[in-house]
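Engineer: The opening residue of the sequence shown carries number 1 in our numbering; numbering runs sequentially from there. Think of the CB as a built atom: it goes at the ideal place given N, C-alpha and C, for glycine as much as any other residue.
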Amino acid sequence: RREDMVALRYVNRPPSALRPVVEALQAMAVIPACNLDNWMAVKKYITGPQLLSKIRALHPDSLSSAQFRKLRRVVVDSQVGAPHDELVSKGVDRLGAWCRTVACYMAQHHFPESGVIPLYPDVG
Numbered sequence: 001r002r003e004d005m006v007a008l009r010y011v012n013r014p015p016s017a018l019r020p021v022v023e024a025l026q027a028m029a030v031i032p033a034c035n036l037d038n039w040m041a042v043k044k045y046i047t048g049p050q051l052l053s054k055i056r057a058l059h060p061d062s063l064s065s066a067q068f069r070k071l072r073r074v075v076v077d078s079q080v081g082a083p084h085d086e087l088v089s090k091g092v093d094r095l096g097a098w099c100r101t102v103a104c105y106m107a108q109h110h111f112p113e114s115g116v117i118p119l120y121p122d123v124g
């Protein structure tokens, strides 16, 4: 929901869980590449009005193998979509779950040779 992301406008220091979610969004070209250490630039993209329309317009079938490899690496290595102990915006958790869902779909339907990505990450 847009309201969940707008709440991040008032955050001065981004939650650590946000960085891999932004990397996943960049891998899918939902947001443009930007310096992830520049919170103001990142905040502009993730709280802007166009984020949700770009997410809705994304067709996972249109992702290239290079985009999928980046997405898979980020989702698997950083546990995107896992529940967090720290206080994280609902929007960050929901975006992470959406990114993981797209990666799972792509792994199952378009790149089965890449192996299964569990829908729910093992946070052990």
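With a CB to CB cut of under 7 Å and the five nearest residues on each side skipped, what residues in its chain are close to Asn35?
Structural biologist: The count along the sequence shown starts at 1 and reaches residue 35 at position 35. These residues qualify, in order along the chain: Ala41.
Engineer: Using a 10 Å radius around the Cβ and a threshold of 16 neighbouring Cβ atoms, would you call Arg13 buried or exposed?
Structural biologist: Counting from one through the sequence shown, the residue named residue 13 turns up at place 13. Exposed, by the Cβ-count rule.
Engineer: Which residues in the same chain have their Cβ closer than 7 Å to the Cβ of Lys43, if we skip the five residues on either side of it in sequence?
Structural biologist: Walking along the sequence shown from the start, residue 43 turns up at place 43. Contacts found: Leu8, Arg9.
Engineer: Quick one: what does DSSP say Gln67 is sitting in, helix, strand or coil?
Structural biologist: For the purposes of this step, residue 67 is taken as the residue at position 67 of the sequence shown. Helix at Gln67.
Engineer: What is the rounded straight-line gap between the Cα of Pro49 and the Cα of Leu25?
Structural biologist: As a first step, residue 49 must be located in the sequence shown, where it is residue number 49. As a first step, residue 25 must be located in the sequence shown, where it is residue number 25. Computed Cα separation, rounded: 15 Å.
Engineer: Which one of His110, Arg100, His59, Arg94 has the shortest CA to CA distance from Asp77?
Structural biologist: On the sequence shown, residue 77 is found 77 positions in, with the first residue counted as 1. Closest option to Asp77, Cα to Cα, is Arg100.
Engineer: Which two residues bound the contiguous alpha helix (DSSP H) that contains Gln50?
Structural biologist: Position 50 of the sequence shown, counted from the start, is the residue given in the question as residue 50. 50 to 57 is the span of the alpha helix (DSSP H), which, as asked, contains Gln50.
Engineer: Return the Cβ separation of Pro132 and Tyr45 in integer angstroms, given the expectation that the two are a contact with Cβ distance under 8 Å.
Structural biologist: Because the chain is modelled from 1 through 124, residue 132 falls outside the range shown and cannot be assessed.
Engineer: How big is the Cα-Cα spacing for Arg73 and Leu58?
Structural biologist: Taking the sequence shown and counting its residues from 1, the one referred to as residue 73 is at position 73. Taking the sequence shown and counting its residues from 1, the one referred to as residue 58 is at position 58. When rounded, the distance between both Cα atoms is 19 Å.
Engineer: Report yes if the CB atom of Ala107 is closer than 9 Å to the CB atom of Gly81, and no otherwise.
Structural biologist: In the sequence shown, counting from the first residue as 1, residue 107 sits at position 107. In the sequence shown, counting from the first residue as 1, residue 81 sits at position 81. Not a contact, by the Cβ cut-off of 9 Å.
Engineer: When DSSP labels each residue in this structure, what does Gln79 get in the three-state scheme?
Structural biologist: Within the sequence shown, residue 79 is the residue found at index 79, counting from 1. Correct three-state label for Gln79: coil.
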